[in-house]
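Residue numbers (the working numbering), protein chains in the order written: chain A, 27 to 175; chain B, 27 to 175; chain C, 172 to 287; chain D, 172 to 287.
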Amino acid sequence: MSNSSLHMTLDIPCASEFVGVARLAISGVATRMNFNIEEIEDIKISVSEACTNVIQHAYGNITNQDSQRIYIQSTIYDDYLEIIVKDNGEGFDTDMLGTDEQKEKSHEKFGLGLGLTFIKSLMDDTSFSSQKGQGTTIKMIKKAPVLDL
Amino acid sequence: MSNSSLHMTLDIPCASEFVGVARLAISGVATRMNFNIEEIEDIKISVSEACTNVIQHAYGNITNQDSQRIYIQSTIYDDYLEIIVKDNGEGFDTDMLGTDEQKEKSHEKFGLGLGLTFIKSLMDDTSFSSQKGQGTTIKMIKKAPVLDL
Amino acid sequence: MVVGFSVEIEEKQNIPIVHINGEIDIYTCPELRKKLCELIDNGSRKLILDLENIQYIDSTGLGTIAHTARAIESENGQIFVISSKNQIKKIFKVSGLEKKNITLCDTETSALKELS
Amino acid sequence: MVVGFSVEIEEKQNIPIVHINGEIDIYTCPELRKKLCELIDNGSRKLILDLENIQYIDSTGLGTIAHTARAIESENGQIFVISSKNQIKKIFKVSGLEKKNITLCDTETSALKELS
Ligand SMILES: Nc1ncnc2c1ncn2[C@@H]1O[C@H](COP(=O)(O)OP(=O)(O)O)[C@@H](O)[C@H]1O
Ligand SMILES: Nc1ncnc2c1ncn2[C@@H]1O[C@H](COP(=O)(O)OP(=O)(O)O)[C@@H](O)[C@H]1O
Chain A
27 MSNSSLHMTL DIPCASEFVG VARLAISGVA TRMNFNIEEI EDIKISVSEA
77 CTNVIQHAYG NITNQDSQRI YIQSTIYDDY LEIIVKDNGE GFDTDMLGTD
127 EQKEKSHEKF GLGLGLTFIK SLMDDTSFSS QKGQGTTIKM IKKAPVLDL
Chain B
27 MSNSSLHMTL DIPCASEFVG VARLAISGVA TRMNFNIEEI EDIKISVSEA
77 CTNVIQHAYG NITNQDSQRI YIQSTIYDDY LEIIVKDNGE GFDTDMLGTD
127 EQKEKSHEKF GLGLGLTFIK SLMDDTSFSS QKGQGTTIKM IKKAPVLDL
Chain C
172 MVVGFSVEIE EKQNIPIVHI NGEIDIYTCP ELRKKLCELI DNGSRKLILD
222 LENIQYIDST GLGTIAHTAR AIESENGQIF VISSKNQIKK IFKVSGLEKK
272 NITLCDTETS ALKELS
Chain D
172 MVVGFSVEIE EKQNIPIVHI NGEIDIYTCP ELRKKLCELI DNGSRKLILD
222 LENIQYIDST GLGTIAHTAR AIESENGQIF VISSKNQIKK IFKVSGLEKK
272 NITLCDTETS ALKELS
């Protein structure tokens with residue numbers, strides 16, 4: 027089944043004042059899928075965390091502000107919502123996730139290393155890919171509510 | 027001044043359930059500009075009217091559902107918000123706007139010919155361009171609130 | 172927050188009061204249109220539409236109200252729209268619909284008074 | 172609707188109660204952080220954060236609370252967070268912050284009782 031007819035793309039600046047825009051747009055999509063209020067909150071937080079990571083980590087040494095963007099894509103499938111948050115930033119070595127070195131770095135930057143933990147615990151499936159110099163992509167899936175008929 | 031750092035693009039399917047998503051995203055942007063509640067309502071209605079027009083009129087004889095999209099762009103400038111709503115539909119002859127023939131057509135389609143009237147009266151500036159076979163673009167501007175300092 | 176859309180019908184003094192909740196746009200309009208058609212098919216010629224609890228309405232919603240009003244116009248049908256919100260009054264004014272058999276009222280009480 | 176963000180401070184039993192309104196995210200956090208730093212700089216070691224009227228909070232908000240708690244930990248400082256919402260309780264649980272000098276309470280009354 028082709029689902030590009032239920033596909034949305036949002037392209038926002040890598041700036042903290044636009045994270046709320048991403049949250050609002052995605053909550054609009056989620057509402058159309060009959061997710062309940064708590065599930066919509068889970069989705070909003072996860073998208074925010076992914077955007078926040080882009081703002082905090084993705085474009086560290088890249089100075090051209092205009093090219094610093096966050097791409098949010100969502101596709102509605104019969105039984106799940108797929109969300110992709112993508113950047114064209116520096117990328118990073120995903121092997122270092124969970125290591126002491128990463129935790130230390132997180133703390134330096136005022137973070138708690140909670141962003142990815144939140145996404146993993148609030149969404150049903152998460153996959154992460156990153157390439158140095160290419161950028162980072164996080165894909166998350168939330169299962170659609172099973173309706174009582 | 028380059029403002030692409032304050033530029034947002036939203037690409038949604040040409041489907042009625044996504045008009046609310048456009049409304050939510052644009053209200054998020056407008057909030058960041060300190061528009062008041064009434065101005066944000068004006069902006070939401072105008073964007074909805076433009077999207078509704080795309081759904082009702084743009085892709086009449088085009089059968090490939092996947093390519094039927096609505097593109098919403100917004101750019102924050104110092105003293106105004108610019109919003110563009112674009113489609114790649116059939117386009118139409120803008121000279122017919124306001125004619126009896128158009129009014130009759132509107133009524134047939136359950137419309138009142140109110141969409142563009144609303145946009146013009148709720149926004150500060152509106153411009154419309156359409157080319158047969160190419161699609162339609164509507165550009166609207168809402169002046170930023172003057173802050174009492 | 173996006174609120175669910177609902178249309179509920181109550182009757183007072185033999186007049187159906189249509190309470191609408193949520194956002195009236197191209198997505199939700201078909202449901203509203205269906206309910207209004209049912210009322211007219213069942214013989215109602217005076218209707219009260221309560222818009223106090225809607226979060227949003229645009230030309231699609233006004234179009235639905237206008238078409239309903241037009242359908243009952245020849246039989247002296249009338250629609251009273253309840254809304255105290257400035258934004259809604261404003262777009263009714265822009266639309267020019269109020270001249271016809273559509274009347275805006277601030278409260279349910281004043282709508283019922285006008286109808287009795 | 173997007174609600175404006177505000178942080179207001181009230182004092183009861185000599186304890187500052189920080190009432191937060193709106194959404195706590197990467198955009199609004201700096202303002203919250205600033206207010207919390209001011210309180211600590213002025214000598215407060217016990218704080219109540221009232222999250223009853225926030226519409227949203229994520230790891231950025233929890234990070235700010237955690238950093239504040241850590242700053243006063245060595246002086247027996249404590250933060251009481253008021254929230255009756257399940258969603259907020261859930262993310263506090265996921266974050267593991269509750270183990271430290273941060274306590275979740277359902278109401279202001281119970282927070283004040285714990286502190287006295
Ligand atoms: N989009 C991204 N670009 C570059 N690095 C990232 C990105 N997202 C996450 N990271 C890396 O993964 C680490 C873990 O992220 P996270 O769990 O959200 O914790 P925190 O943001 O608090 O450090 C970050 O510290 C950062 O090094
Ligand atoms: N995106 C579009 N694509 C093609 N035609 C359009 C588009 N937008 C508007 N139109 C044309 O302009 C007319 C006037 O639009 P409008 O004022 O919104 O009234 P209504 O939608 O009620 O007919 C429409 O009837 C239609 O013929």
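Ideal Cβ placement from N, Cα and C applies to all residues, glycine included.
- Note that the region 57-74 of chain A does not touch the region 62-72 of chain B; fewer than 3 beta-carbon pairs, one per stretch, sit closer than 8 Å.
- Interface flag for C/Ile225 against chain B is unset, since no Cβ pair is found closer than 8 Å.
- Within the chosen limit of 7 Å, ligand 2 reaches the beta carbon of B/Thr143 through at least one heavy atom.
- Going by C-alpha positions, B/Lys146 is about 9 Å away from B/Ser153.
- Taking one beta carbon from each stretch, the region 110-125 of chain A and the region 149-165 of chain A have 3 or more pairs nearer than 8 Å; the two touch.
- The region 197-214 of chain D makes no contact with the region 213-223 of chain C: fewer than 3 CB pairs, one atom from each, lie closer than 8 Å.
- Given a length threshold of 4 residues, the region 75-132 of chain B has no whole run of the alpha helix (DSSP H) inside it.
- Here the distance from the Cβ of A/Asp113 to the nearest heavy atom of ligand 1 is below 7 Å.
- Under a 10 Å Cβ-count criterion, A/Val172 is classified as exposed, with fewer than 16 other Cβ atoms of the shown protein chains found around its own Cβ.
- Against chain B, the CB of A/Ser42 has no partner CB under 8 Å away; the residue lies outside that interface.
- Sequence-distant partners of C/Thr278 (beyond 5 residues in either direction) whose C-beta falls short of 8 Å from its own C-beta, in its chain, are Ile253 and Ser255.
- In the structure shown, B/Ser156 adopts extended strand secondary structure according to DSSP, grouped into three states.
- In the DSSP secondary-structure assignment, C/Asn192 is bridged to C/Ser177.
- Within chain A, the residues Thr143, Phe144 and Ser147 have their CB atoms less than 7 Å from the CB of D/Val265, given in chain order.
- In terms of CA proximity to C/Leu233, C/Lys261 leads the group C/Lys261, C/Ile180 and C/Gly248.
- Residues Met59, Asn60, Phe61, Tyr103, Asp104, Asp105, Tyr106 and Leu107 of the same chain have their beta carbon placed closer than 8 Å to that of A/Ala170, with the five preceding and five following residues left out of the count.
- When 7 Å is used as the limit between beta carbons, C/Thr231 is near these residues of chain B: Thr78, in chain order.
- If you look at D/Leu275, you'll find it in the beta strand (DSSP E) that goes Ile273 to Cys276.
- Relative to the non-hydrogen atoms of ligand 1, the Cβ of D/Gln184 never comes closer than 7 Å to any of them.
- Judged by pairs of C-beta atoms under 8 Å, the region 75-91 of chain A does not touch the region 233-243 of chain D, as fewer than three such pairs exist.
- Residue contact with chain B for C/Ile262: present (Cβ-Cβ distance below 8 Å to some residue of chain B).
- Short note on B/Lys131: C-beta not closer than 7 Å to any heavy atom of ligand 1.
- The beta carbon of B/Thr101 sits closer than 7 Å to those of Asn29, Leu32, His33 and Glu108, all from its chain and outside the five residues before and after it, given in chain order.
- Residues of chain B with a Cβ closer than 7 Å to the Cβ of C/Ile197 are, in chain order, Ser42, Val45, Thr78 and Ile81.
- Identification of residues in the region 62-74 of chain B having a C-beta nearer than 7 Å to some C-beta of chain A yields an empty set.
- B/Gly141 is not a Cβ neighbour of C/Ser266, given a cutoff of 8 Å.
- Contact with chain A is found for B/Val55, since one of that chain's Cβ atoms lies less than 8 Å from the residue's Cβ.
- Burial state of C/Lys183 is exposed, judged by a 10 Å Cβ sphere holding fewer than 16 other Cβ atoms.
- Counting only the Cα atoms, A/Asp113 lies some 15 Å from B/Thr35.
- Within 7 Å of the C-beta of B/Thr162 there is at least one heavy atom belonging to ligand 2.
- Within 7 Å of the CB of A/Ala51, the CB atoms of chain B belong to Leu36, Val47, Leu50 and Ala51, in sequence order along the chain.
- Beta-bridge pairing by DSSP links D/Phe251 to D/Ile219 and D/Thr274.
- Apart from sequence neighbours up to five positions away, the residues of its chain that approach D/Asp221 with a beta-carbon distance below 7 Å are Ile188, Val189, His190, Ile191, Ile253 and Glu279, ordered along the chain.
- For B/Thr57, no beta strand (DSSP E) segment is defined; the enclosing uninterrupted segment is the alpha helix (DSSP H) at Val45 to Arg58.
- DSSP, reduced to helix, strand and coil, places D/Asp212 within a helical segment of the structure shown.
- Not one heavy atom of ligand 1 is found less than 7 Å from the C-beta of A/Ala41.
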